[in-house]
Amino acid sequence: MNLEELNLKGNVFNSSILSSLGSLSNLKSLSLSHIYAMEGLTVTYTVMGLPALKNLEKLRLGCVFGSGLINGIYVSFLHQKIFHATLSLASFNISGTIIIRRWQNLTSLEELTLTDSSFTSNIVQDIGTLTALKNLVIDTCVVDDNLDLHGFCELRQLQTLAIMYSDWNASLPHCFSELTLLNFLHLFSIKFFGDIYMFKNLASLEYLSLSFNKFSRDIFGLKNLTSLKYLDLSSNNFSEDISGLKNLISLEYLNFSSNNFSGDISGLKNLTSLEYLDLSNNNFSGDRSHIKSLTSLRELRLWNNNIEIPNNNMIYNAETEMHSLDTPTFQLRSISLSCCGDGGSFPQSLNHQHDLQYVDLSNINFKGYQFPNCLMENNKKLEALYLVNSSISGHFQLPSTSRRGLSELDVSNNSLDGSIPNEIGAKLPSLKLLNMSNNFFGGGIPISIGDHMISLVVLDLSNNKLSGGIPRHLPMRLVLFNVSSNQLFGDIQSSMENMSHLKTLDLSNNALFGGIPRSMGKMSYLEELVMANNHFEGPIPMEFCKLNYSLIFLDLSANNIPGSLPSCFSSLRLTHVYLSRNKLKGPITSFFNSSSLVTLDLSNNHLTGNIPNWIGTLSRLVYLLLNSNHFEGGIPVQLCKLNWLRLIDASSNNLSGTIPPCLMITISNDSSHAYYANHFNYGDIGFFSADVPIKFTMKSISYFYKGRVLTYLSGIDLSCNKLTGEIPHQFQHFRDIIVLNFSQNSLIGPIPPALSDLSQIESLDLSHNNLSGNIPSQLLGLHFLSFFSVAYNNLSGTTPERTGQISTFEESSYVGNPLLCGEPLPKNCSTDGSSSSMPKNATEEGSIDMKVFYASFVGSYIVMPLCIAIMLYINPYWRRAWFYHVEAATMSCYYFVLDNILPKRFYEGTI
Numbered sequence: 004m005n006l007e008e009l010n011l012k013g014n015v016f017n018s019s020i021l022s023s024l025g026s027l028s029n030l031k032s033l034s035l036s037h038i039y040a041m042e043g044l045t046v047t048y049t050v051m052g053l054p055a056l057k058n059l060e061k062l063r064l065g066c067v068f069g070s071g072l073i074n075g076i077y078v079s080f081l082h083q084k085i086f087h088a089t090l091s092l093a094s095f096n097i098s099g100t101i102i103i104r105r106w107q108n109l110t111s112l113e114e115l116t117l118t119d120s121s122f123t124s125n126i127v128q129d130i131g132t133l134t135a136l137k138n139l140v141i142d143t144c145v146v147d148d149n150l151d152l153h154g155f156c157e158l159r160q161l162q163t164l165a166i167m168y169s170d171w172n173a174s175l176p177h178c179f180s181e182l183t184l185l186n187f188l189h190l191f192s193i194k195f196f197g198d199i200y201m202f203k204n205l206a207s208l209e210y211l212s213l214s215f216n217k218f219s220r221d222i223f224g225l226k227n228l229t230s231l232k233y234l235d236l237s238s239n240n241f242s243e244d245i246s247g248l249k250n251l252i253s254l255e256y257l258n259f260s261s262n263n264f265s266g267d268i269s270g271l272k273n274l275t276s277l278e279y280l281d282l283s284n285n286n287f288s289g290d291r292s293h294i295k296s297l298t299s300l301r302e303l304r305l306w307n308n309n310i311e312i313p314n315n316n317m318i319y320n321a322e323t324e325m326h327s328l329d330t331p332t333f334q335l336r337s338i339s340l341s342c343c344g345d346g347g348s349f350p351q352s353l354n355h356q357h358d359l360q361y362v363d364l365s366n367i368n369f370k371g372y373q374f375p376n377c378l379m380e381n382n383k384k385l386e387a388l389y390l391v392n393s394s395i396s397g398h399f400q401l402p403s404t405s406r407r408g409l410s411e412l413d414v415s416n417n418s419l420d421g422s423i424p425n426e427i428g429a430k431l432p433s434l435k436l437l438n439m440s441n442n443f444f445g446g447g448i449p450i451s452i453g454d455h456m457i458s459l460v461v462l463d464l465s466n467n468k469l470s471g472g473i474p475r476h477l478p479m480r481l482v483l484f485n486v487s488s489n490q491l492f493g494d495i496q497s498s499m500e501n502m503s504h505l506k507t508l509d510l511s512n513n514a515l516f517g518g519i520p521r522s523m524g525k526m527s528y529l530e531e532l533v534m535a536n537n538h539f540e541g542p543i544p545m546e547f548c549k550l551n552y553s554l555i556f557l558d559l560s561a562n563n564i565p566g567s568l569p570s571c572f573s574s575l576r577l578t579h580v581y582l583s584r585n586k587l588k589g590p591i592t593s594f595f596n597s598s599s600l601v602t603l604d605l606s607n608n609h610l611t612g613n614i615p616n617w618i619g620t621l622s623r624l625v626y627l628l629l630n631s632n633h634f635e636g637g638i639p640v641q642l643c644k645l646n647w648l649r650l651i652d653a654s655s656n657n658l659s660g661t662i663p664p665c666l667m668i669t670i671s672n673d674s675s676h677a678y679y680a681n682h683f684n685y686g687d688i689g690f691f692s693a694d695v696p697i698k699f700t701m702k703s704i705s706y707f708y709k710g711r712v713l714t715y716l717s718g719i720d721l722s723c724n725k726l727t728g729e730i731p732h733q734f735q736h737f738r739d740i741i742v743l744n745f746s747q748n749s750l751i752g753p754i755p756p757a758l759s760d761l762s763q764i765e766s767l768d769l770s771h772n773n774l775s776g777n778i779p780s781q782l783l784g785l786h787f788l789s790f791f792s793v794a795y796n797n798l799s800g801t802t803p804e805r806t807g808q809i810s811t812f813e814e815s816s817y818v819g820n821p822l823l824c825g826e827p828l829p830k831n832c833s834t835d836g837s838s839s840s841m842p843k844n845a846t847e848e849g850s851i852d853m854k855v856f857y858a859s860f861v862g863s864y865i866v867m868p869l870c871i872a873i874m875l876y877i878n879p880y881w882r883r884a885w886f887y888h889v890e891a892a893t894m895s896c897y898y899f900v901l902d903n904i905l906p907k908r909f910y911e912g913t914i
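Right, here's the structure in full:
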């Protein structure tokens, strides 16, 4: 058979089929990649016929299934002395049991490709035996420890070397300088480290890419590589200046982004062939005038440096001989100068650019410059324009003719005012992203957006002064629609129809009213729904239950939503729920299957019933706010199962019973779970960030906390309930709590000295209870305490010593305790009898136990007569003396009374 090329990729074989390949003696190219080895099949039998393929020049072997395949290949096939021009091995596990010298049978091999495999370091080392090798590609291969790359130095004929995605974490040997025929070197994301001086003799190199490694030090080893056309050193740790580039006049592509380079960029002025230049995210300084001579430049990225903008000309020098001040020496296709700080006035030289396709001038302070309409007017090929946070002002202007190529426009975070032009949809019909948020736009939302922008995916008009209603027709392909923080009013029933692709809808902080549209149940991709701070009314539609498999973030807080929560609404993906400040009523029947919940805020409603026991199944819950409702019953012990819980607010309810002791060891000390990732990225076309505040009372004042500040807050607020019993005494695992509020309950017993274990606490409120005993002196160790109240209890003894934080608290912290004395109370312990007679140690340890006192008093009066009687019984002399003195004392008393007290008539009559 004269067959020369055979591709059997992606088939299922047994040994008999593959062993018959030896009959194809004229075969030059064979591909057996992605084969499925049947059970019991070994490659020893699979490739038995391959040695007969004497004319084979190109062989590709790969296996997705079957881990023992590679051993058979090496034992039965590479053992034979066969010469191939190209060999490709993919998806193999090459173990250390292979006899490495079998590479030596392929001494004429010119191309070797190893992909998606794993092997030992000695196999890599022995690749050096393939002395005829010209092209070597290693892609996504894992090697064990002790990797030695010196074997590569023997490949003196090597012209192409590409190693990618392999995480070898090694350094290059200096003998690499002997590979003088290399013209293509691509080392991408391998975690190579060290310097690159070994490249100094590679004069034939035309392509050099070392991106996403850990190379460091300077780049002076490249100064003699005058043949280089492509140089990419991005995302490493290179430092020093770039003056060594001045001789690389053949360079067409240069990417030094994300390193630690410093100094000026004067070394670039001779690179007249350069078309792409990216120096972003470094420490370069000076000005940009040095690139005026780069006449071939088409793409420029200099963002996040310290490069200055000289005079009124950002790119071009006023001393240019062949061009005037405002005439550029080249036409750019792309320019990115983001993060360059104070930019002075807008660069007038950009008025003369006509080929721009991508422009990013974000985060440059242009000091109130008017909107640069010339960028859209002059560049008909413009595809993306970013002017984010550029301090531009004035009215937004459209080009005179339609720009159908423009797909991304972002002018957010500026001071633009006036109305959004009504014809924006007709002039920019191909937009996929339109972000005009955080400006001062007024007027209404142009209806042309819905009529013409059929490709629009992201529309963000938030934080402006827009008024009127939401247009009835919006682009059907919208994925993100954000008009929050405006002055919009009216209902939204018709606007939400046919919005089936929406993932994020934010209508918050407006004056919208009416019911929540039932059509939202058709938004099967909806993940974030934010409608807070409006005037919506009517119950939550039952159609919301259709969102159980998509919804992640729900915020309907601060509206007028009545009724009960739909029992069927229990999204499996739901992580954050904010329904506070509404008119919801009835028991909690939703969310019982929402095991991913991080935040559940149902505060300030009219909810009733008990706190459900199934709340203990919400294993990821961090923030639980049930305050200001009408809940009753006890605090469920199932809360103790929530190991990530950091904040519990069940205040202002009708809860009764005792505080579960296990609750005191529930609050998590690990804040890493508390920062919830409520940021949603839509690839290259959009970004949504939800940062909803949570209201919590701290230091007797209610604050709103959000973002990272919220992650530092942890505590329990059970105030204003009907709780009884004592305060639990277990706090040893509760050290990082910030707030503890048990005020306005009916708690009894002493204040636990263990409260001193709360070393980070800032607010402690135990007021308005029935607590008794003394204030523990151990509280003096709470060094961060800034609010403290034990007012209106039955405490006694003296107030704590006025040192440390305790000295900052006034009378109001102790008032309402009649038996308490000492500063700052007006009752002085030294002048009050009941207090001053009390020993100091009694004050510290507690009041006298009266039952014990009475028992000891009676006992002493019984024991003393018994002791006297026993002594008299034992000693007769003492007994006679005792009775003699008793008789004498009795007679003395008798005559004393007779002579001095009784009247004489009593005893004279008897005489």
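Residue 294 in this note's numbering sits at position 291 of the sequence shown; the count goes up by one each step and never skips.
Quick reminder that beta carbons are idealized off the backbone N, C-alpha and C, glycines included.
Beta-bridge partners of residue i, as assigned by DSSP
i      : result
Asp170 : BP columns for Asp170 are empty, so no partner.
Cys824 : Thr801
His918 : Residue 918 lies beyond the range of the chain shown here (4 to 914); nothing can be said about it.
Gln3   : Examination of residue 3 is not possible in this model, given that the chain is present from 4 through 914 alone.
Ile704 : Met701
Glu635 : Asn613 and Asn657
Short Cβ contact (7 Å threshold) for residue i with residue j
i      : j      : result
Ser654 : Asp760 : no
Asp119 : Thr143 : yes
Phe223 : Gly247 : yes
Ser465 : Ser440 : yes
Leu419 : Leu388 : no
Ser593 : Arg623 : no
Pro449 : Ile473 : no
Ser394 : Asn376 : no
Glu278 : Glu255 : yes
Val460 : Lys430 : no
Asp604 : Asn630 : no
Ser237 : Ser265 : no
Residue i, enclosing beta strand (DSSP E) - first and last residue
i      : result
His455 : That residue, His455, is in no beta strand (DSSP E); its alpha helix (DSSP H) goes Ser451 to His455.
Asn744 : Val742 to Asn744
Val533 : Glu531 to Val533
Ala93  : Thr89 to Ala93
Gln490 : Gln490 to Gly493
Spatial neighbours of residue i in its chain, beta-carbon cut-off 8 Å, leaving aside the 5 residues before and after
i      : result
Lys137 : Glu113, Glu114, Gln160, Leu161, Gln162 and Thr163
Leu6   : Leu27, Asn29 and Leu30
Pro829 : Glu814
Ala680 : Because Ala680 sits at a pLDDT of 45, beneath the cut-off of 50, its placement in the model cannot be relied upon, and the point is left open.
Given residue i as reference, the closest of the options once Cα atoms are compared
i      : options                           : result
Cys723 : Lys698, Leu750, His504 and Leu30  : Leu750
Leu469 : Ser487, Asn748, Lys725 and Leu434 : Ser487
Asp235 : Leu774, Leu575, Ser192 and Asp151 : Ser192
His355 : Asp604, Leu713 and Gln334         : Gln334
Ala135 : Cys156, Cys870 and Pro821         : Cys156
His293 : Phe572, Ala514 and Leu280         : Leu280
Glu804 : Leu798, Pro821, Ala794 and Gly784 : Gly784
Contact set for residue i: own chain, Cβ-Cβ below 6 Å, skip 5 residues either direction
i      : result
Thr116 : Ser91 and Val140
Lys644 : Gly619
Arg104 : Confidence in Arg104 is poor, its pLDDT being 49 and thus under 50, which makes the residue's placement unreliable; the coordinate value appears in the next sentence. Excluding residues within five positions, none has a Cβ falling inside 6 Å.
Tyr200 : Gly224
Glu765 : Ile741, Phe787 and Ser789
Leu274 : Leu254
N- and C-terminal bounds of the alpha helix (DSSP H) containing residue i
i      : result
Glu890 : Pro879 to Asn903
Any C-beta of chain C under 7 Å from that of residue i
i      : result
Tyr233 : Note that chain C does not occur in the displayed structure, where there is just one protein chain.
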